[in-house]
Amino acid sequence: MSVTAPLNAALRRVPIWLLYILAVIPPVWLFVQGLNGRLGVDPVKAMEHQMGLWGLQILIAVLAITPLRTHLGINAIRFRRALGLIGFFYIVLHLLVWLVLDVQIPRQILGDIYKRPYITIGMAALVLMVPLALTSNNLALRKLGPHRWRRLHRATYVILLLGAVHYVMVVRGWQLQPLIYLALVVILLLLRVIPPPKRRLA
Amino acid sequence: MTRWNGDLRQSDITPKSVWLGRRQVLAGMGFAGMAALLPRGAQAEELVPNSFEEITNYNNFYEFGPDKTDPARHAGALRTVPWAVVIDGLVDRPGTYDLGDVIASGPIEERIYRLRCVEGWSMIIPWQGFELGHLLRRVGVQPAARHVRFETLVRPDEMPGQRRGLLDWPYVEGLRLDEAMHPLTLLATGLYDQPMPNQNGAPLRLVVPWKYGFKSIKSIVRITLQAEQPVNTWQAMNAREYGYYANVNPNVSHPRWSQATERPIGGGIFATRRDTVLFNGYGDQVAALYAGMDLARDY
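Chains Z and B supply the protein sequences, listed in that same order.
Using numbering that gives the first Met the number 0, you'd call the opening residue of the first sequence number 0 and step up by one each time.
Using numbering that gives the first Met the number 0, you'd call the opening residue of the second sequence number 0 and step up by one each time.
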């Protein structure tokens, strides 16, 4: 028996609906904290940045699922759809905070998307996520067929790169944390190309 | 418009008990009450200062780290006693001046200024300080001098941001001589009735209210009078995004941020933006400095 077997057995017992329930808590908590003046001096930016960061983290977890299986033998694939949808939902909230609470003025929003490369890139990532979110259900999978569905969902790779680059560009100057996220995305993509180690049979 | 000058008296300054409590009162009132208290127009006209807590917990001071909360977290380690300022270059009386000596250059006044950050937010800050012009006249500016170059302290042991390559240290800023001599230009030594908090640039910082905040260099250790225009830190870092003049101007868009509007800090999550005003509202006093200049080219 391999060392990952108990972990995989435990993962199989976690109900997927639990993820959706748990995912609602952080944004609601963040909003309530913001309403009550507990997010520091600039609650709008705090909410905007936190939603973006959580979204990116969850989408990086989605990207980690395949290498976890191929390189470590940990099987979390049954959570991938839920995590992908939750990540999308968080990024939509990130966008809504920016639109409604931060920039507010429609003309300025359009100008920002058009003129500011980091916003253009972020918006491109979000737009690319829409067809993936819409086809993250069994009906769409059946209609598209597994081959076409998989090819469509490879857009995830581009989305994660765009998202991480958006984060690198959004900060002033070169800062460490966004670069770590970008490096993580690149490593998780490279692990798909690097052959996994041969697993010994017990 | 005289919002800057001497007709602001001690009685115009919000008493300490009031500003300490303002935030709590607002939080208790909830959003509806806050909106009633700080309507959009009234806030702009009356220059109601932000609370001491807001002003000291939301700072761009990369010497202590890139996040707005880093300075408040890390600036406690900065030692500001003793403090000396080197004044050199094209001056009659160059030398290393003790802080007390520098501060004795002119009367300390209270000035309530709007601070507009290049990132698109603004705060109202009740500074204490004296006009930079008083100091410059005292050390004797030589006729060949055209610009003033300022330098921030470099002390990586006490400034964790300087142990990382965030910017080229020391932080450098500059003003044209006529900008430096303008009566609005302040060397600030405190805010509200407090000595300057470390995270706001203790013990001595520049305040140039018609320019974006990054021009108002903090924790100054050197002032140099020179003929040539200095290269300020952000300009050296990215000349396309940051210029030498950095005058607040809603018509000149920054590659990262539209400058047409700004978010006043302190209004909660539903605060509305206000329109940014040319020269941050100080145009009556300073527009003449730039007569004939193309502000889009000299941004």
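C-beta: ideal position from N, C-alpha, C; glycine also.
Does any CB atom of chain B fall closer than 8 Å to the CB of residue i?
i        : result
Z/LEU181 : no
Z/VAL246 : Given that chain Z is displayed from residue 0 to residue 201, the structure contains no residue 246 of chain Z and the question cannot be resolved.
Z/LEU202 : Past the boundaries of the shown model lies residue 202 of chain Z; chain Z is included only from 0 to 201, so the question cannot be answered.
Z/GLN107 : yes
Z/VAL170 : yes
Z/GLN56  : no
Z/ILE104 : yes
Z/LEU34  : yes
Z/ARG191 : no
Z/GLY110 : yes
Z/VAL27  : no
Z/VAL43  : yes
Z/GLN49  : no
Z/ARG141 : no
To which residues does DSSP link residue i through a beta bridge?
i        : result
B/GLU108 : B/GLY128
B/GLN193 : B/LEU190
B/SER48  : Checking the sequence, you will find Pro at residue 48 of chain B rather than Ser. Looking at the DSSP assignment, B/PRO48 forms no beta bridge with any residue, so it has no partner.
B/ASP146 : It should be noted that the sequence gives His, not Asp, for residue 146 of chain B. B/ARG175, B/GLN225, per the DSSP bridge assignment.
Z/PRO5   : Paired residues: none, contrary to the question.
B/LEU185 : B/GLU130, B/VAL206
B/TYR298 : Its beta-bridge partners do not exist; DSSP assigns none.
B/THR260 : B/ASP274
B/MET122 : B/LEU114
B/ASN246 : B/LYS210
B/ALA235 : Note: B/ALA235 sits in no beta bridge, so no partner.
Z/ASP41  : Z/ASP41 pairs with nothing; no bridge assigned.
Distance cutoff 8 Å, beta carbons only. Does residue i sit that close to anything in chain Z?
i        : result
B/THR271 : yes
B/MET236 : yes
B/ALA295 : no
B/ALA43  : Per-residue confidence for B/ALA43 stands at a pLDDT of 42, beneath the threshold of 50, marking its modelled position as unreliable; the derived number appears in the next sentence. It does not: the Cβ of B/ALA43 has no partner Cβ on chain Z nearer than 8 Å.
B/ASN199 : no
B/ARG113 : no
B/PRO249 : no
B/SER215 : no
B/ASN56  : yes
B/GLY267 : yes
B/ALA74  : no
B/ALA187 : no
B/LEU190 : no
Apart from the five residues just before and just after residue i, which ones in its own chain have a Cβ nearer than 6 Å to its Cβ?
i        : result
Z/ILE85  : ALA22, ILE57
Z/PRO42  : GLY33
Z/VAL169 : TYR117
B/GLY119 : TRP256, GLU261
B/ASP91  : GLY139
What does the Cβ neighbour count give for residue i, buried or exposed, with the cut at 16 atoms within 10 Å?
i        : result
B/ASN279 : buried
B/GLY94  : exposed
B/LYS67  : buried
B/ASN49  : buried
Z/TRP97  : buried
B/GLU367 : As displayed, chain B neither begins before 0 nor continues past 298, which places residue 367 of chain B out of reach and without an answer.
Z/ALA4   : exposed
B/ALA35  : Residue confidence is low: B/ALA35 scores 45 on pLDDT, short of 50, so the model does not pin down where it sits. No coordinate-derived value is stated.
Z/GLU47  : buried
Z/TYR19  : exposed
Z/VAL40  : buried
B/ASN250 : exposed
B/TYR241 : buried
Z/TRP28  : exposed
Z/LYS142 : exposed
B/PRO263 : buried
Z/MET50  : buried
B/GLY291 : exposed
Z/LEU38  : buried
Which residues in the same chain as residue i place their Cβ atom closer than 7 Å to its Cβ, once the five residues preceding and following it in sequence are excluded?
i        : result
Z/SER207 : Residue 207 of chain Z falls outside the range modelled here, since chain Z spans only 0 to 201, and no answer is possible.
B/ASP177 : LEU288
B/LEU165 : TYR61, PRO65
Z/PHE87  : MET128, ALA132
Z/VAL184 : ILE59, LEU62, LEU159, LEU160, ALA163
For residue i, which residues from the same chain have a beta carbon less than 8 Å from its beta carbon, with the 5 sequence-adjacent residues on both sides left out?
i        : result
Z/LEU6   : ILE73
B/THR170 : Here residue 170 of chain B turns out to be Tyr, not Thr, going by the sequence shown. Only TYR61, GLU62, GLU150, THR151, ILE216, LYS217, THR232 meet the Cβ criterion.
Z/ASP111 : VAL102, ILE118
Z/ALA139 : LEU133, TRP148
B/GLN161 : GLU62, VAL153, ARG154, PRO155, TRP168
**OP:** Taking 8 Å as the threshold, find out whether the segment 185-193 of chain B comes into contact with the segment 255-267 of chain B through three or more Cβ pairs.
**Re:** Short answer: they don't touch.
Original post:
Does the segment 143-158 of chain B come close enough to the segment 216-233 of chain B to have 3 or more Cβ pairs within less than 8 Å?
Top reply: yes
Subject >> Three-pair Cβ contact test at 8 Å for the segment 44-56 of chain B versus the segment 124-135 of chain B >> reply: Yes: the two stretches touch, three or more of their Cβ pairs being nearer than 8 Å.
Original post:
Taking one C-beta from the segment 114-129 of chain Z and one from the segment 265-284 of chain B each time, how about it: are there three or more such pairs within less than 8 Å?
Top reply: Not touching, per the Cβ criterion.
Original post:
Is the number of C-beta pairs between the segment 211-220 of chain B and the segment 145-165 of chain B that are closer than 8 Å three or more?
Top reply: yes
Original post:
Just checking, does the segment 198-213 of chain B make contact with the segment 155-162 of chain B on the three C-beta pairs under 8 Å criterion?
Top reply: Segments in contact, no.
**OP:** Could you tell me whether the segment 73-84 of chain B touches the segment 190-202 of chain B, where touching means 3 or more Cβ pairs closer than 8 Å?
**Re:** With contact defined as three or more Cβ pairs closer than 8 Å, the segment 73-84 of chain B and the segment 190-202 of chain B are in contact.
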